[in-house]
Amino acid sequence: MRETVLMKGELDTLVIVTTTTGTELLDGEDEVLESWPDDRHESVLARLLAEGWEIEEDGP
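The following block contains the structure:
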């Protein structure tokens with residue numbers, strides 16, 4: 006499993022979670038915003054960084 010927490014400003018949070026069942030993008034309240042049945046962690050991360058999000062935490 007890999008989880009990346011992203012911040013924009015002081016309050017906005019997104020979390021990318023990738024497991025063997027796929028990748029999900031969650032909001033700060035753990036609501037699923039987007040979901041894919043495969044590993045799209047790197048492409049989602051690149052898109053969000055391009056939109057101005059910053060990595061707060063990234064780990065396995």
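Each residue of the sequence shown is one higher than the one before, counting from 6 in this note's numbering.
Every residue, glycine too, gets a C-beta built ideally from N, C-alpha and C.
As the structure is a prediction and not an experimental result, all values here were calculated from the model.
- Non-local C-beta neighbours of LEU50 in its own chain, meaning closer than 7 Å and more than five positions away in sequence, comprise THR9, ILE21, ordered along the chain.
- Leaving aside the five residues that flank THR23 on each side, the residues in its chain whose CB is nearer than 6 Å to its CB run, in chain order, ARG7, ASP44, HIS46.
- Non-local beta-carbon contacts of GLU59 in its own chain, meaning distances under 6 Å to residues more than five positions away in sequence, involve MET12 in chain order.
- The C-alpha of GLU29 lies about 10 Å from the C-alpha of GLU36.
- Counting along the chain, LEU11 sits inside the beta strand (DSSP E) bounded by residues 7-13.
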